[in-house]
Amino acid sequence: MTYSVIYERGESNWSAYSPDVPGCIATAGSLEELKVLFRESLQLHLAGLKEDGLPLPAPATVVGTESETT
0 MTYSVIYERG ESNWSAYSPD VPGCIATAGS LEELKVLFRE SLQLHLAGLK EDGLPLPAPA
60 TVVGTESETT
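Numbering (numbering that gives the first Met the number 0), first residue to last: 0 to 69.
As structure tokens, this is what we get:
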């Protein structure tokens, strides 16, 4: 499955979360490190859901990459 991920830059760090996977987050000092850490966090989160016999969340978020301004 493919989940949308939101990356946000703060004053001194980066954070990430997926709107489709509540409770799965990561923070890091750089975007590159964050991408690695969030992937690991997501894998562990989904493995924990499976282990507990819970359903995996379905990807539902649609991400647009184009915008129009006037």
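All C-beta atoms, glycine included, are put in the ideal place defined by N, C-alpha and C.
Being a predicted model, the structure only gives us computed values, none of them experimental.
Q. Between P54 and E32, what straight-line distance do the alpha-carbon atoms span, to the nearest angstrom?
A. Residue 54 sits at position 55 when you count from the first residue of the sequence shown. Residue 32 sits at position 33 when you count from the first residue of the sequence shown. Roughly 29 Å separates the two Cα atoms.
Q | Cβ shell of V20 (< 8 Å), same chain only, five flanking positions each side left out | A | Here residue 20 refers to the residue found at position 21 when the sequence shown is read from its first residue. Excluding sequence neighbours, V20 sits near Y2, L41, H44, L45, P56.
Q: Report buried or exposed for A59, applying the criterion of at least 16 other Cβ atoms within 10 angstroms of its Cβ.
A: Walking along the sequence shown from the start, residue 59 turns up at place 60. Answer is exposed; the Cβ neighbour count stays below 16.
(Q) Ignoring anything shorter than 3 residues, give me the beta strand (DSSP E) runs that lie fully in the stretch 14 to 39, in order along the chain. (A) Along the length of the stretch 14 to 39, whole beta strand (DSSP E) runs at least 3 residues long occupy 24 to 27, reported in chain order.
Q: Please list, in chain order, all residues of the same chain as Y16 whose beta carbon is under 6 Å from its beta carbon, the five residues on each side excluded.
A: What you label residue 16 is simply residue 17 of the sequence shown in a count that begins at 1. Cβ within range, chain order: I5, I24.
Q: Below 7 Å CB to CB, which residues in the same chain sit around L48 once its five sequence neighbours on both sides are set aside?
A: Counting from 1 along the sequence shown, the entry for residue 48 is found at position 49. Result list for L48: L55, in chain order.
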